[in-house]
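Structure first, commentary second.
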Amino acid sequence: MLMPCSHLRPRPGALRSLVALPVLMLLGACNAVVLDPAGDVAAQQRDLVLISTGLMLLIIVPVMALTVLFAWRYRAANKAARYEPDWDHSTQLELIIWAAPLLIIICLGALTWVSTHLLDPYRPLGRVSAGQALSKQAQAQPLEVQVVALDWKWLFFYPEYGIATVNELAAPVDRPIRFRITSSSVMNSFYIPALAGQIYAMPGMETKLHAVINKPGNYVGFSANYSGAGFSGMRFRFHGLSDADFGAWVQNARTKGGALDRAAYLKLERPSENVPVQRFARVEPGLYDAALNMCVEPGKMCMHDMMQIDAKGGLGMAAVHNVRALSYDKYARRGSSGAAVLGSNAAYVGALCSPGDAKAMLALRHDRPVPLPDPGGLIGAGLPQPGRTPSIASLDAPAIL
Numbered sequence: 003m004l005m006p007c008s009h010l011r012p013r014p015g016a017l018r019s020l021v022a023l024p025v026l027m028l029l030g031a032c033n034a035v036v037l038d039p040a041g042d043v044a045a046q047q048r049d050l051v052l053i054s055t056g057l058m059l060l061i062i063v064p065v066m067a068l069t070v071l072f073a074w075r076y077r078a079a080n081k082a083a084r085y086e087p088d089w090d091h092s093t094q095l096e097l098i099i100w101a102a103p104l105l106i107i108i109c110l111g112a113l114t115w116v117s118t119h120l121l122d123p124y125r126p127l128g129r130v131s132a133g134q135a136l137s138k139q140a141q142a143q144p145l146e147v148q149v150v151a152l153d154w155k156w157l158f159f160y161p162e163y164g165i166a167t168v169n170e171l172a173a174p175v176d177r178p179i180r181f182r183i184t185s186s187s188v189m190n191s192f193y194i195p196a197l198a199g200q201i202y203a204m205p206g207m208e209t210k211l212h213a214v215i216n217k218p219g220n221y222v223g224f225s226a227n228y229s230g231a232g233f234s235g236m237r238f239r240f241h242g243l244s245d246a247d248f249g250a251w252v253q254n255a256r257t258k259g260g261a262l263d264r265a266a267y268l269k270l271e272r273p274s275e276n277v278p279v280q281r282f283a284r285v286e287p288g289l290y291d292a293a294l295n296m297c298v299e300p301g302k303m304c305m306h307d308m309m310q311i312d313a314k315g316g317l318g319m320a321a322v323h324n325v326r327a328l329s330y331d332k333y334a335r336r337g338s339s340g341a342a343v344l345g346s347n348a349a350y351v352g353a354l355c356s357p358g359d360a361k362a363m364l365a366l367r368h369d370r371p372v373p374l375p376d377p378g379g380l381i382g383a384g385l386p387q388p389g390r391t392p393s394i395a396s397l398d399a400p401a402i403l
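Residue numbers for the sequence shown follow the working numbering, beginning at 3 and rising by one.
Listed below in structure tokens is the structure:
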């Protein structure tokens with residue numbers, strides 16, 4: 003006997019279960035690191051998210067519940083429901099509608115204000131964890147890590163130990179960390195979800211981040227800001243280690259690593275993707291500051307020197323001709339000319355002259371005057387008379403070439 007076709011059709015509940023099963027399997031592979039962090043700063047940020055969400059749910063849940071209740075109670079089939087077409091006001095209801103959201107907004111505002119200042123990434127840590135205060139020794143000696151975002155990898159300097167690493171970061175448990183962060187070309191974002199919140203890395207600028215890791219383990223760090231073709235591979239490992247293991251890690255870098263000088267840095271900063279871990283046992287002094295001020299290349303004036311010149315009023319009109327075209331690092335590394343689309347290309351000061359150089363140049367100009375073309379009898383405001391050579395500037399003029 004043949005069964006009807008309707009008996010062969012799967013039930014809707016079974017179909018929903020089959021569809022939900024792959025989704026649950028995918029979600030089961032997720033690592034909710036933001037809600038289960040290993041650092042005190044990230045834990046405080048998690049608490050802020052949970053408290054804020056709970057406060058907002060105090061409004062969202064009643065509104066959604068009342069929406070369903072009203073739709074059911076005043077449905078067309080319910081003839082017993084009260085019908086008051088002329089009703090337009092209720093003092094009690096107005097108080098509830100306006101007072102409850104206002105109180106929640108005040109609580110959210112106060113919570114955000116306090117947390118914004120307590121979790122300021124530039125602010126030194128005030129504690130190691132919720133139940134552990136920060137010792138005076140830890141306050142005086144945090145672990146300093148200098149971070150440079152390259153294309154497309156991360157470079158970490160450890161000035162206290164004189165080493166550097168690529169795409170590998172380590173720190174001892176319960177010791178405060180002070181990050182100094184910059185970029186060599188474009189803006190990136192330094193983010194270790196288990197440790198603390200993300201903070202931007204920008205060329206020619208320095209941002210700071212204070213954090214601490216409280217649990218030993220291996221964690222993931224990455225760039226949270228798109229920065230080009232190799233962005234997806236711009237990831238690194240972060241190790242939370244005991245004091246003994248961290249000392250062994252530093253010693254391993256010192257014994258097996260190479261040397262990182264300016265030439266090696268310029269080679270390292272060229273675009274490359276999915277770069278393996280590298281360690282450097284020796285680092286040229288001042289290399290991070292040179293990367294921060296965009297003057298690793300020989301003969302290039304550093305940005306802090308240019309800013310000091312600008313702070314003193316600049317170099318006058320004569321300095322217009324005393325500049326060199328500024329070729330940003332990213333243009334040379336990424337194979338483009340760096341030509342400006344609108345306006346002129348950027349420039350920087352080429353050189354500064356000493357008073358002795360200025361006197362020698364003025365003496366040379368007196369010995370070899372440059373003949374000026376005859377303006378053709380034209381006399382006007384600010385123009386010299388035809389046939390007369392303008393006087394040479396005095397020695398009191400700014401010595402700028």
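All C-beta atoms, glycine included, are put in the ideal place defined by N, C-alpha and C.
- Short of 8 Å from the beta carbon of Ser274, and not among the five residues preceding or following it, lie these beta carbons of its own chain, in chain order: Asp153, Trp154, Lys155 and Gly232.
- Proximity to Asp176 across Arg129, Ser185, Ala198 and Glu208 peaks at Arg129, based on C-alpha coordinates.
- Non-local beta-carbon contacts of Lys258 in its own chain, meaning distances under 7 Å to residues more than five positions away in sequence, involve Arg281 in chain order.
- With at least 16 other beta carbons inside 10 angstroms of its own, Phe248 counts as buried.
- Only exposed fits Glu96, as fewer than 16 other CB atoms lie within 10 angstroms of its CB.
- Relative to the Cα of Ala283, the nearest Cα in the group Gly301, Gln253, Pro300 and Met308 belongs to Gln253.
- Val149 counts as buried, since at least 16 other C-beta atoms from the protein chains shown sit within 10 angstroms of its C-beta.
- Pairwise C-beta distances place the stretch 41–49 in contact with the stretch 102–122, as three or more of them are shorter than 8 Å.
- With distances taken between CA atoms, Phe240 lies nearest to Leu171 out of Thr167, Ala198 and Leu171.
- DSSP links Gln280 through a beta bridge to Val168.
- Linking Ile108 to Asp90 through their CA atoms gives a straight-line distance of about 28 Å.
- Cβ neighbours of Gly206 within its own chain (closer than 8 Å, five residues either side excluded): Thr184, Leu294, Asn295, Met296 and Met305.
- Three or more Cβ pairs closer than 8 Å define a contact, and the stretch 208–218 meets that threshold against the stretch 179–198.
- Scanning Pro87, Trp100, Glu86 and Glu271 for the CA closest to the CA of Leu289 turns up Glu271.
- The three-state secondary structure of Val175, taken from DSSP, is coil.
- Look at Ile201 here: in three-state DSSP terms it is strand.
- Non-local beta-carbon contacts of Ile201 in its own chain, meaning distances under 6 Å to residues more than five positions away in sequence, involve Pro123, Phe192, Thr209 and Leu211 in chain order.
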